[in-house]
Amino acid sequence: MCRHLAWLGEPRTVASLVLEPPHGLLTQSYAPRRQSHGLMNADGWGVGLHHPETAPGSAPVRWRSSRPLWGDPSFHSVAPVLWAGSVLAAVRSATPGMPADETAAAPFTDGTWLVSHNGRVDRSVLPATAAAAAESTCDSAVLTAHVLDRGVDRLGETVAEVAAADPGARLSLLLSDGARVLAVTWGDTLSYLRTAAGVVVASEPYDDDPGWVDVADRHLVVATRDGVRVTPLEVPARAAS
Ligand code: GLN
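Just so you know, we're using my numbering here: the sequence shown kicks off at 2 and counts up by one.
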């Protein structure tokens, strides 16, 4: 199980989101507080952002690594001067059998969306076209390709279908296109925090601010700069627990 986070709002530094919070992704890489699968997230990290200097609709940029987040001094040096109003970041605990290189580290992208997955899924239940389109053979990359091919407007429906085909799957997802953050909870924790400056959606709270709101399992989150909407997923009877 990995840990992820997305920010949408006023431009802020990547360090202020990932490195500085007392329980941010840096701390979560070795001591997550709410992780139920795996003890740490030492198999890589990734940061993607829709940069303010790029035109609306242009592709997000990414910085990923297969190393532990705590062992990357160059990133620690640059993150305090990396600013963006849309950031999606993750630290990874690789599922056994999945590739170890940086292309298997979230966020994945189709050139518009940044996507991270907390969990695991049997790749054989996903279409061959998704495997062919994916950036990596990692299950999360194939799931990303499938979800984006189906369209984000069908995100909840797609996750429920995949869960029906692989009842052991854990399918919590986090997506951003720079205008919206979407998230699905399916087998893992998620919380969000709204402030005057924007909204952060994360696998777990990065500090002890009382404003964090926990999202129940099997829900869809849609966050924009104007607000957050949380709705239960419509789960087909065969996928209900
Ligand atoms: N299955 C994905 C991987 O191998 C995600 C793992 C996770 O959520 N820990 O990277």
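Cβ atoms here follow ideal geometry from the backbone N, Cα and C, with glycine treated the same way.
| Query | Result |
| --- | --- |
| Roughly how many whole angstroms lie between the Cα atoms of Val-1 and Glu-162? | With the chain covering only 2 through 242, there is no way to say anything about residue 1. |
| In whole angstroms, give me the CA-to-CA distance for Val-15 and Val-214. | 22 Å |
| Comparing C-alpha positions only, which one of Tyr-193, Ala-203, Val-223 and Thr-159 sits nearest to Gly-212? | Tyr-193 |
| Would you say the stretch 31-38 touches the stretch 144-158, given that touching needs at least three Cβ pairs under 8 Å? | no |
| Which residue from Ser-59, Leu-20 and Leu-127 puts its Cα closest to that of Gly-47? | Leu-20 |
| Go through its chain and collect everything with a Cβ distance to Gly-10's Cβ below 7 Å, but skip five positions before and after it. | Gly-86, Ala-198, Gly-199, Val-200 and Arg-226 |
| Examine ligand 3 and report whether any of its heavy atoms sits within less than 7 Å of the Cβ of Met-99. | By its list of ligands, the structure shown excludes ligand 3, since it contains just ligand 1. |
| On the criterion of 16 or more Cβ atoms from any shown chain inside 10 Å, does Gly-157 qualify as buried, or is it exposed? | buried |
| Ligand 1 heavy atoms versus the CB of Ser-204: any closer than 7 Å? | no |
| Once the 5 residues before and after His-220 are set aside, which same chain residues still bring their CB inside 7 Å of it? | Thr-186, Val-231, Thr-232, Pro-233 and Leu-234 |
| Pairs of beta-carbons, one from the stretch 117-135 and one from the stretch 76-83, closer than 8 Å: are there three or more? | no |
| Assuming Ser-88 and Ala-7 are in contact, meaning their beta carbons sit under 8 Å apart, how far apart are those beta carbons, in whole angstroms? | One point to set straight first is that residue 88 is Val, not Ser, in the sequence displayed. Confirmed, Cβ separation roughly 7 Å. |
| With respect to the beta strand (DSSP E) encompassing Ser-125, which residues constitute its N-terminal and C-terminal limits? | That residue, Ser-125, is in no beta strand (DSSP E); it is neither H nor E in DSSP. |
| Is any heavy atom of ligand 1 found at a distance shorter than 7 Å from the C-beta of Gly-120? | yes |
| Please report the distance separating the alpha-carbon of Pro-69 from that of Thr-28. | 11 Å |
| Should Ser-75 and Glu-103 be called a contact, given that it needs their Cβ atoms to be closer than 8 Å? | no |
| Given a threshold of 16 other Cβ atoms within 10 Å of its Cβ, counted over all protein chains shown, does Arg-155 qualify as buried or as exposed? | exposed |
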